[in-house]
Amino acid sequence: MLAGCGEPAPPPDLKLGASVYAQHCAACHGAKLEGQPNWQQRLSNDRMPTPPHDESDHTWHHPPHVLFGITKFGLVPPFAPPGYESDMPAFAGKLSDDEIRAVLAYIESRWSPEVLKLRKEMTRNARRPGS
Numbered sequence: 023m024l025a026g027c028g029e030p031a032p033p034p035d036l037k038l039g040a041s042v043y044a045q046h047c048a049a050c051h052g053a054k055l056e057g058q059p060n061w062q063q064r065l066s067n068d069r070m071p072t073p074p075h076d077e078s079d080h081t082w083h084h085p086p087h088v089l090f091g092i093t094k095f096g097l098v099p100p101f102a103p104p105g106y107e108s109d110m111p112a113f114a115g116k117l118s119d120d121e122i123r124a125v126l127a128y129i130e131s132r133w134s135p136e137v138l139k140l141r142k143e144m145t146r147n148a149r150r151p152g153s
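Every letter in the sequence shown is one number past the one before it in our numbering, and letter 75, counting from 1, is 97.
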């Protein structure tokens with residue numbers, strides 16, 4: 023009720039995030055966020071395999087608004103070059119914004135304090151599109 027009065031939004035629900043991740047993301051990104059095997063080598067269709075969301079990939083290098091946009095709209099401009107082909111679906115219409123935020127919070131909750139510190143430093147000055 024006070025959210026419109028300058029109160030911070032409640033933190034995302036990690037239990038919900040884990041559930042939504044298991045239902046919509048784990049089949050491609052792995053139950054333990056490990057991604058597909060050989061995720062750094064192109065497939066025969068010239069697309070990249072699904073990357074992990076654990077600390078071994080670059081997911082944590084992206085600012086939150088980029089990860090939100092990729093999840094909601096897919097890997098399309100401005101999150102990928104024009105014409106880039108990806109198997110990452112858009113979840114707009116399938117997941118609510120709160121569910122997307124919960125999934126991203128769940129993924130982030132699995133990163134070490136060291137990675138979280140590095141991510142904070144990397145994304146501190148990241149700009150939103152149009153800003």
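Glycine residues also receive a C-beta, built at the ideal position from the N, C-alpha and C atoms.
Residue i vs residue j beta-carbon contact at 9 angstroms
i, j, result
"H51", "P73", "yes"
"H46", "K116", "yes"
"V125", "W82", "no"
"D119", "K94", "yes"
"G39", "A114", "no"
"I122", "F101", "no"
Beta-carbon contacts of residue i that lie in its chain and below 8 angstroms, excluding the five residues immediately before and after
i, result
"P111", "G96"
"D109", "C50, R69, T72"
"A53", "A44"
C-alpha distance - residue i paired with residue j, whole-angstrom precision
i, j, result
"R64", "G57", "14 angstroms"
"K37", "R69", "32 angstroms"
"R141", "D79", "12 angstroms"
"M144", "W133", "15 angstroms"
"P135", "Y43", "21 angstroms"
"H84", "A48", "20 angstroms"
"P59", "S66", "14 angstroms"
"V98", "Y106", "7 angstroms"
"R146", "E77", "19 angstroms"
Contact set for residue i: own chain, Cβ-Cβ below 6 angstroms, skip 5 residues either direction
i, result
"S131", "L36"
"W61", "P71, P73"
"I92", "F101"
Assumed close pair residue i, residue j - CB separation to whole angstroms, cut-off 8 angstroms
i, j, result
"I129", "H87", "That pair is no contact at about 15 angstroms."
DSSP three-state assignment for residue i, whether helix, strand or coil
i, result
"M23", "Reliability fails at M23, whose pLDDT of 43 lies under 50, so the model's placement of it is uncertain and no value is given."
"A112", "coil"
"A126", "The sequence as given places Leu at residue 126; Ala does not occur at that position. In the structure shown, L126 sits in a helix (DSSP, three-state: H, G or I)."
"L117", "strand"
Contacting residues, own chain, Cβ-Cβ under 7 angstroms from residue i (five flanking each side not counted)
i, result
"L55", "P74, H75, D76, I129, R132"
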